[in-house]
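For the record, the sequence lines run as chains A and B.
End of the first sequence sits at 332 in full-length UniProt numbering; the numbers just go up one at a time, nothing left out.
End of the second sequence sits at 332 in full-length UniProt numbering; the numbers just go up one at a time, nothing left out.
Note that the Cβ used here is the ideal one computed from N, Cα and C, for glycine as well.
Computed from a prediction, not measured in an experiment: that's the story for all the values here.
There are 2 protein chains.
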Amino acid sequence: MSVTLKDVAALAGVSRSAVSRTFTEGASVSAKTRSKVEKAALELGYSPNALASSLTTGRTKLIGLISNNFHNPIFLEVFDQFTRALQERGLRPLIVNLTDETEPANSVRMLRQYSVDAAIVASSTLPPSFAKAFHDAGVPVVHTFGRSATSPEVHVVGIDNVECGRMAARELLARGYRHVGYLGGPKDATSALDRHRGFTEELCDHPEINVTHCFASAYSFEAGRSEMLRLLADSPAEAYFCGDDILSVGALSALAEHGLKPGKDIGIIGLNDMEMSRWQSVDLTTIHQPIKQIITSSVDLVEQMLKEPQRYPEARIFPCRVIERGTLRPRL
Amino acid sequence: MSVTLKDVAALAGVSRSAVSRTFTEGASVSAKTRSKVEKAALELGYSPNALASSLTTGRTKLIGLISNNFHNPIFLEVFDQFTRALQERGLRPLIVNLTDETEPANSVRMLRQYSVDAAIVASSTLPPSFAKAFHDAGVPVVHTFGRSATSPEVHVVGIDNVECGRMAARELLARGYRHVGYLGGPKDATSALDRHRGFTEELCDHPEINVTHCFASAYSFEAGRSEMLRLLADSPAEAYFCGDDILSVGALSALAEHGLKPGKDIGIIGLNDMEMSRWQSVDLTTIHQPIKQIITSSVDLVEQMLKEPQRYPEARIFPCRVIERGTLRPRL
DNA sequence: GCGCGGATTGCAACCGGTTGCACCCCCGGG
DNA sequence: CCCGGGGGTGCAACCGGTTGCAATCCGCGC
């Protein structure tokens, strides 16, 4: 069926080693041999079997990409960036869709069976222990969008969610809101908890401010919308920090259904700055998370780990900033 | 480093073959041997190397998933469905992000290097020749969302785009629009061309109707928006068939910016029925494409091809239907 | 013309499994 | 008690490459 090393060797009249060497970077082959081999390879349409070579080299260039955010539009951007960044470096993403799972055991086993060189956990909801399971199984791992503070054993690339919560709180204060609310993601999502913590901590110093909070059932449009509908039914706050842009968009829909104008009747500030937030019909004031930098950095880190698997774990935290659009009233 | 067959064999006191057999379905092993092996395997945390075994079995369970639609929100749904459907069947998606490429050569080579068992081309814009390149290279392939009529050599699963164009035209006629337009995807996308063809063919029989058409630069929000802005600047039609929901959403934004009410001032009908189209703030009348069925069917087909690689090619076409929402005026 | 050393090359073992085949063991029937 | 046969087992070859090592080649200086 497929053409192998041996076929090329036979046609070129050299040993199998010679063929192997012409296809491996930096091996010692004379120009003459190389050209004979290349000619034969071209003629037969040969290209080396990456899996077979992985057996001896121990490197597959396969990178496990594990996520559970398949319902948040931001993931489309994340996904595009990851696949491109990996491809550019000659690495191949092997996807794991975690949607209904939170136990790492299956993914770990599966990715080990495929001998991935490393794994990337791309999720803001999974706990540090999830990524650690890969580490413990000997799979180099980066947790992108992970919780930073408490993960000394695993590389984390992302943002400081607590600080983002603070930032949102300061922003609402600066605009003179007196009754503010947090509309977060699911209660078991680390990002939802951390953002909540920052938000409430910052407001502790302001006893005059009335603070409420609630958690949506998921990072999704419907969850944001239905949660906001619930809030609107019973004396809502003046402004909300939504833990994610997709929740914000859901909340905005709820406002519209009640005939309320965002920014005027009720303030909304999101987090992520996904593409859709820029759309004129959405025009969401939000905290920008530098997705592209985070992903590039994550893939860089993965690449480094390939050379140095035992690399000392680090947290790479990127600053966020508020993007002013139309869903908060002006600063005082 | 990692534990191998040999280690387990040694601990269990049996031959390597025995271990291999206890891990392969339907091999002949006595209960006693099996239990000894399982105990040893558990103790060592052994799990077989899928890549090594692929060398002799010729099966990797790796499926190449190739796409270029990373900027259309519908792809999030597509992607979720594909990865889940594959996982459920024990297959592993190896992603190729084609974004800036239209030549199959690189993807084919790469996927062959990784010995994928099959490839899925998930794109409504790539020509049949793209998928055929995989077929010609001996890689079983399914073109999902591909052009149906002209691809006798490759499996295609999707919809009849020409018929969808017709359907859109009939829908606009039924609502009494006299001046209608087609706002399609990129001119080189097969789906844009086919939908255009159906749309104009259907209207040929109605010389009293004024028909215009244009093609956006991409299937994206911005492309739809800017194209509609251009149209609005110069005597627009009464209603448009947008070749994709994301174009529709962009077009809707343009309408809003001009203070025009969709369904009242200008009609819009899309295609796809993506989740966002259901949002109250979008409320897009559109042609529903049965994404889930298409994907399930595609993966079924892939699975069949694993058993029967030379299977005679077929086109699986799923019917679409109009979903009435708020962006067209009522039927007469 | 000869010797030397670095560059090339082929051999053979190995990576982690799978599998055809021969052999062994055990049981039941004659 | 002997024989036949089927299931279970291990040996060894093989899947498609890689790589350490020893042998060979070649050009150059003396």
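(Q) Mapping the DSSP letters down to three states, classify residue 119 of chain B as helix, strand or coil. (A) strand
**Q.** At least 3 beta-carbon pairs within less than 8 Å: the segment 117-126 of chain A vs the segment 49-64 of chain A
**A.** yes
Q) How should residue 114 of chain A be labelled, buried or exposed, when 16 other C-beta atoms within 10 angstroms of its C-beta is the threshold for buried? A) buried
Q) When you check each C-beta in the segment 83-101 of chain A against every C-beta of chain B, which residues fall closer than 7 Å? A) Per Cβ criterion, the list reads 83, 84, 87, 92, 93, 94, 95, 97 and 99.
Q: Compare the Cα-Cα distances from residue 36 of chain B to each of B:47, B:19 and B:225 and report the closest residue.
A: Nearest C-alpha to residue 36 of chain B: B:19.
Q.
Assuming the contact rule is C-beta atoms closer than 8 Å, residue 285 of chain B and residue 326 of chain B should be a hit. Round their C-beta distance to whole Å, please.
A. 7 Å
Q) In angstroms, rounded to a whole number, what distance separates the CA positions of residue 140 of chain B and residue 91 of chain B? A) 14 Å
Q | residue 125 of chain A versus residue 40 of chain B - alpha carbon distance | A | 36 Å
Q. Are residue 247 of chain B and residue 185 of chain B touching if we call contact CB-CB under 8 Å?
A. yes
(Q) Could you check whether residue 238 of chain B and residue 177 of chain B sit closer than 8 Å to each other, using their CB atoms as the reference points? (A) Yes, these two residues count as a Cβ contact at 8 Å.
Q | residue 67 of chain B: first and last residue of the uninterrupted alpha helix (DSSP H) it sits in | A | Careful: residue 67 of chain B lies outside any alpha helix (DSSP H), inside the beta strand (DSSP E) at 62-67.
Q: Compare the C-beta of residue 80 of chain B with all C-beta atoms of chain A and state if any pair is closer than 8 Å.
A: yes
Q. Just reading off the alpha helix (DSSP H) that residue 242 of chain B is part of, what are its end residues?
A. No alpha helix (DSSP H) contains residue 242 of chain B, which is instead part of the beta strand (DSSP E) from 239-242.
Q: Buried or exposed for residue 309 of chain A, please, with buried defined as at least 16 other CB atoms from any protein chain shown within 10 angstroms of its CB.
A: exposed
Q: Grab me the residues of residue 67 of chain B's own chain with a C-beta within less than 6 Å of its C-beta, minus the 5 sequence neighbours each way, in chain order.
A: 122 and 123
Q.
Please confirm whether residue 48 of chain B has its beta-carbon closer than 8 Å to some beta-carbon of chain A.
A. So, interface residue.
Q: Report buried or exposed for residue 330 of chain B, applying the criterion of at least 16 other Cβ atoms within 10 angstroms of its Cβ.
A: exposed
Q. How would you label residue 50 of chain B, buried or exposed, when you count the other beta carbons within 10 angstroms and need 16 or more for buried?
A. With 16 or more Cβ atoms within 10 Å of its Cβ, residue 50 of chain B is classed as buried.
(Q) Against chain A, which members of the segment 279-296 of chain B pass a CB distance test of less than 7 Å? (A) 279, 280 and 281
Q. Taking C-beta to C-beta, are residue 245 of chain A and residue 74 of chain A nearer than 8 Å?
A. yes
Q | Beta-carbon neighbours of residue 73 of chain B, restricted to chain A and to distances below 7 Å | A | 73 and 76
**Q.** Start and end residues, alpha helix (DSSP H) containing residue 128 of chain A
**A.** 128-136
Q. Going by the beta-carbon positions, is the gap between residue 270 of chain B and residue 277 of chain B smaller than 8 Å?
A. yes
Q.
On the CB-based measure, 16 or more other CB atoms within 10 Å of its CB, does residue 259 of chain B come out buried or exposed?
A. exposed
Q. Just checking my contact of residue 224 of chain A with residue 256 of chain A at CB under 8 Å: how many whole Å lie between their CB atoms?
A. Residue 224 of chain A to residue 256 of chain A, Cβ: 13 Å. No contact.
Q. What's the C-alpha gap between residue 144 of chain A and residue 110 of chain A?
A. 20 Å
Q) Alpha carbon to alpha carbon, what distance is there between residue 311 of chain A and residue 44 of chain B? A) 26 Å
Q) residue 212 of chain B touches chain A at which residues, Cβ-Cβ below 8 Å? A) What residue 212 of chain B touches in chain A: nothing, since even the nearest Cβ is about 24 Å away.
Q. Can you list the alpha helix (DSSP H) stretches of 4 or more residues lying completely in the UniProt domain "HTH lacI-type" (3-57) of chain B, in chain order?
A. Runs of the alpha helix (DSSP H) inside the UniProt domain "HTH lacI-type" (3-57) of chain B: 5-12, 16-22, 31-44 and 50-57.
Q: Mind checking which residues open and close the alpha helix (DSSP H) that includes residue 318 of chain A?
A: Residue 318 of chain A -> not in any alpha helix (DSSP H); beta strand (DSSP E) instead, spanning 315-318.
Q. Residue 157 of chain B and residue 301 of chain B: beta carbons closer than 8 Å?
A. Between residue 157 of chain B and residue 301 of chain B, the gap from beta carbon to beta carbon is short of 8 Å.
Q: Hey, could you find the ends of the alpha helix (DSSP H) residue 294 of chain B is sitting in?
A: Element bounds for residue 294 of chain B: 291-307.
Q: Report the neighbours of residue 113 of chain A on chain B: residues whose CB is nearer than 7 Å to its CB, in chain order.
A: Within chain B, 47, 48, 49 and 50 have C-beta atoms less than 7 Å from the C-beta of residue 113 of chain A, given in sequence order.
Q | Simplified DSSP state of residue 252 of chain B, which is helix, strand or coil | A | It is helical.
Q.
On the criterion of 16 or more Cβ atoms from any shown chain inside 10 Å, does residue 26 of chain B qualify as buried, or is it exposed?
A. exposed
Q. Looking at the structure shown, is residue 108 of chain A part of a helix, part of a strand, or coil, going by DSSP?
A. helix
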